[in-house]
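Notes follow once the structure below has been shown.
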Amino acid sequence: MPWTTQRVCVAGAGVTGRAVAQALLAEGADVVLVDRTLTAGSPTLAAVEALGARGSDDDLGALVESTLLVVSPGWRPDAPIVQAAASLQIPVVGELDLAWSLQVRRSAHARWLAVTGTNGKTSVVTMTQALLTAAGINAHAVGNVGEPVISAVMAAKAADVLVVEASSFQLHRSTLMQPYASTVLNVAPDHLDWHGSLVNYQRAKAAILERTTGFCLYRREEPISRTLIEQADVHEGCRAIGTTVSVPALGEVGVVDGVIVDRAFEEDRRERAVELATVADIAGGVTEAGPVVANALTAVALARTCGVEATAIQQGLRTWQPQPHRMVMVARTASLVFVDDSKATNTHAAAASLAASDRVVWIAGGLAKGASFDEIVTAHRDRLVGAVVLGEDRELVVAALRRHAPDVPVIDADKPDNSPMDLMRHTVRSAAELAQRAASQGPVTVLLAPACASMDRFRDYHERGELFCAAVAELI
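Counting from 106, one number per residue, gives the positions in the sequence shown under my numbering.
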């Protein structure tokens, strides 16, 4: 359809919304952005108008004469503007499908390597980009990781490969994109308040596999990831490739005696395995059981779909840098280790963090997003020597601890009237006190892995992690 005849309403004036507006304006569309922040005289409105678009805080008023509604990630299906669009028979699309449509319209040929999952997405995406870059491939990490997909599609210098981090919010409306390779890393309860049920959340994640043209990747240790591939409608000839942190079977990438080996992509894969790199090559060095290794194997497999050879894989793994607030050791004393995993915003991620240490004082709590804490406490209670809770839903954590780990000492450090820094300072000091009491029996890890979102007490998980690091620095 010619965009010059379209009046497009874009819901959301954040980074994605403004990128969508800029792309559609370049195509000649008439664009209005709607957001409650777009009030007269606001800086956000000024930024929107500087693009050449119009802005409004009247959602429904702006929608009425539109021919298309583009919804930014995070706008719920039951949002009034989305429901109004349905009643007015106005098509609703998300950024992913719009970006794909524009790429097709522009006759661009960037391969999309699409990644989703409850945890590990950003690590896999950034690591994959590092491997591709080491091979001389012009690859951009886009989507939920930072740069909007649509911005990369519209860039003057087109990328060879887009490594797309896609959230369940983005995938909820995806019905068009055709990735060259795709993967669902894992699925665990998260964002249930948004999706309404685990079934709906899983269905959104699975959408990334649909229409894949080349390769669908699964993890042997995550059976759901293979099940979703078996249920997906993909292009003829699309291959299922496995990864495993143990010895790989035919058609898998895995680990043998600390060496990352490929039994999936070589023509003679039935007869031999190709050595690509070592686990020790992963930046900083990790243990074979760690989640970083599982992420690295997926990244390696994604890179292999694009023909990346062993030398570049080894170089890329060595140069890749972990993102902040993801299992980062902040400080160490003779008896205590402080670890920042503020990005562990759900129980699945927090469980992986807890599993990495033998004796832990766990800092947990925030916005639970409909999650239960019974399973994580039951699985890891033998590691816990203490717990410090904070945040709006901290009582859910406390209740699970009382039911399943009644002997674990718990401190409620929440002080909602305090500044975020004062709250975190009190939290860290409380955790250190519990850790010191237990340190006579051996080293203790003070672990910030809240298993909850952060926005009740902090701006975001970045601020929560930064303040944790600052509070630890003060204490040490």
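Think of the CB as a built atom: it goes at the ideal place given N, C-alpha and C, for glycine as much as any other residue.
- prompt: Where do the ends of the alpha helix (DSSP H) carrying glutamate 357 lie?
  reply: Per DSSP, glutamate 357 belongs to no alpha helix (DSSP H); it is in the beta strand (DSSP E), 357-361.
task: Would you list, in sequence order, the uninterrupted alpha helix (DSSP H) runs of no fewer than 4 residues that lie entirely inside the stretch 240-302?
output: 254-259, 273-276, 297-300
query: Grouping DSSP H, G and I as helix and E and B as strand, with all else coil, what is glutamate 326?
result: coil
- request: Under the assumption that alanine 455 contacts isoleucine 313 (Cβ atoms under 8 angstroms), give the Cβ distance between them as a whole number of angstroms.
  value: Incorrect: roughly 24 angstroms between the Cβ atoms, too far for contact.
message: Taking its Cβ as the centre, do 16 or more other Cβ atoms sit within 10 Å of alanine 261, making it buried, or is it exposed?
response: exposed
query: Name the DSSP beta bridge partners of methionine 434, please?
result: Val444
Sheet register partners of leucine 236 (DSSP bridge): Beta-bridge pairing links leucine 236 to no other residue.
- prompt: Expressed to the nearest angstrom, what Euclidean distance is found between the alpha-carbon atoms of arginine 368 and lysine 310?
  reply: 27 angstroms
query: Exposed or buried, glycine 199, counting other C-beta atoms within 10 Å across all chains shown (16 or more means buried)?
result: buried
field: Sheet register partners of leucine 489 (DSSP bridge)
entry: Val465
message: Using a Cβ distance threshold of 8 angstroms, determine whether the stretch 301-310 contacts the stretch 249-267, with at least three qualifying pairs required.
response: no
Start and end residues, beta strand (DSSP E) containing cysteine 574: Where cysteine 574 is concerned, there is no enclosing beta strand (DSSP E), although the alpha helix (DSSP H) it sits in stretches over 566-580.
query: With contact counted as at least three CB pairs below 8 angstroms, one residue from each stretch, are the stretch 527-544 and the stretch 394-413 in contact?
result: no
field: Assumed close pair valine 361, valine 352 - CB separation to whole angstroms, cut-off 8 angstroms
entry: 5 angstroms
- prompt: Nearest to methionine 282 by alpha carbon, out of Gln208, Ala544, Thr223?
  reply: Gln208
query: By how many angstroms is the C-alpha of threonine 438 removed from the C-alpha of isoleucine 581?
result: 8 angstroms
- prompt: Do you know whose CA, among Gln275, Ala239, Arg431, Met232, lies nearest asparagine 249's CA?
  reply: Gln275
message: Under DSSP, the beta strand (DSSP E) around isoleucine 313 begins and ends at which residues?
response: No beta strand (DSSP E) contains isoleucine 313, which DSSP labels as neither H nor E.
message: For valine 176, list the residues DSSP reports as bridge partners.
response: Ala116, Gly199
- request: Within its chain, find whatever has a CB closer than 8 angstroms to the CB of alanine 246; leave out the 5 residues flanking it on each side and keep chain order.
  value: Val230, Thr231, Thr233, Gln234, Glu252, Val268, Glu270
query: DSSP beta-bridge partners for cysteine 321?
result: Ser287, Ala345
query: How would you write the range of the beta strand (DSSP E) that valine 136 sits in, first residue to last?
result: 135-139
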